[in-house]
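Number 96 in this note's numbering belongs to position 85 of the sequence shown; there are no gaps in the numbering.
Note that the Cβ used here is the ideal one computed from N, Cα and C, for glycine as well.
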Amino acid sequence: MTANAYWVEYFEKVCKDGPAWIDYSNERVQLQTFGAVLEVSDSLLDRRVLDIGCGRGALCRLAQVLGAREVTGIDLASDALAGLSARHPDITWRGGDITEPDFRATLGTFDVIYSLESMQYLPVPECFDWIHDLLAPGGRFVAMFPYEHCPIVADTKARFGGKYVPPSLDAIVAWADTKPELGWAVRGLRFQEDQRVAAYATSPWTTSPGWDAPPNRIQLVLQRGKAG
Ligand SMILES: C[S@@+](CC[C@H](N)C(=O)[O-])C[C@H]1O[C@@H](n2cnc3c(N)ncnc32)[C@H](O)[C@@H]1O
12 MTANAYWVEY FEKVCKDGPA WIDYSNERVQ LQTFGAVLEV SDSLLDRRVL
62 DIGCGRGALC RLAQVLGARE VTGIDLASDA LAGLSARHPD ITWRGGDITE
112 PDFRATLGTF DVIYSLESMQ YLPVPECFDW IHDLLAPGGR FVAMFPYEHC
162 PIVADTKARF GGKYVPPSLD AIVAWADTKP ELGWAVRGLR FQEDQRVAAY
212 ATSPWTTSPG WDAPPNRIQL VLQRGKAG
């Protein structure tokens, strides 16, 4: 079975029958993730928004409520998206594989693109070229993902074998540095000992990532230049 066929089967089940927070530890971690991502989305008013690996579609629905003009959610789990199409017809739900050039060619361009917990299933750094092409000039990409040095990555890799590949942050920074017109920054989110108030503590934004202890998640923002 190819890695993608494996993930289609896995995520069809999770998106249909799993908890609303999918693969997050719990709903609080999911909510904090959405908050962190929306905080750096800039205004969504009248924007065209794409969510890569939209899962159960919660971020797409938030983007719509926040005034986005067009919202598109894409995911490998196309059967699960059928239910979303029926319940939320004002959002475009597209089953498909972002790694497929023919599928990408049908998507158009977007002012804001999200990838929450889907980067670990995509080839890095190649996917950044595609994302760059899908971003309109002046557009912004916001992602949250585990990277290769995250504390629990070894366990998750053992669970899913070579199919689960959290990216190298060095590879992402090297890619970003080839695009002088891009503004970018990352921060780390680390699970706190005491999670009564918030699951994660967040580090400051930086373009020189390096932490005393590896964070559990990386948040990345790429801002495409207006003329780029
Ligand atoms: C862990 S879930 C995250 C879902 C959602 N972004 C969230 O934060 O709740 C990862 C999602 O990425 C999707 N995905 C993985 N590889 C993909 C690909 N090549 N093209 C489109 N979607 C993909 C999976 O089907 C799954 O729904």
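Burial state of residue i (16 or more Cβ within 10 Å)
| i | result |
| --- | --- |
| P177 | buried |
| A210 | buried |
| V76 | exposed |
| T83 | buried |
| V208 | exposed |
| D181 | exposed |
| W216 | exposed |
| Q203 | exposed |
Cβ-heavy atom distance, residue i to ligand 2, below 7 Å
| i | result |
| --- | --- |
| C71 | What this structure holds is ligand 1, not ligand 2. |
beta-carbon residue i near ligand 1 non-hydrogen atom, thresh 7 Å
| i | result |
| --- | --- |
| G29 | no |
| W104 | no |
| F67 | The sequence shown places Arg at residue 67, rather than the Phe named in the question. Flag set: Cβ of R67 near ligand 1. |
| L61 | no |
| G64 | yes |
| Y132 | yes |
| F22 | yes |
| E38 | no |
Check whether residue i and residue j have beta carbons under 8 Å apart
| i | j | result |
| --- | --- | --- |
| E23 | A69 | no |
| A79 | M155 | no |
| I102 | C71 | yes |
| T213 | A196 | no |
Sequence-distant residues of the same chain with beta carbon closer than 6 Å to residue i, five excluded per side
| i | result |
| --- | --- |
| A74 | L55, V60, V82 |
Sequence-distant residues of its chain with Cβ nearer than 8 Å to residue i (five each side left out)
| i | result |
| --- | --- |
| L118 | L61, T83, I85, R105, L145 |
* Would you call the region 210-226 and the region 158-177 in contact, with 3 or more CB pairs under 8 Å? -> yes
* Asked: Given 8 Å as the limit, is there contact between the region 116-136 and the region 44-64, that is, 3 or more CB pairs closer than that?
  -> yes
* Asked: At a cut of 8 Å, does the region 176-193 reach the region 128-142 through at least three beta carbon pairs?
  -> yes
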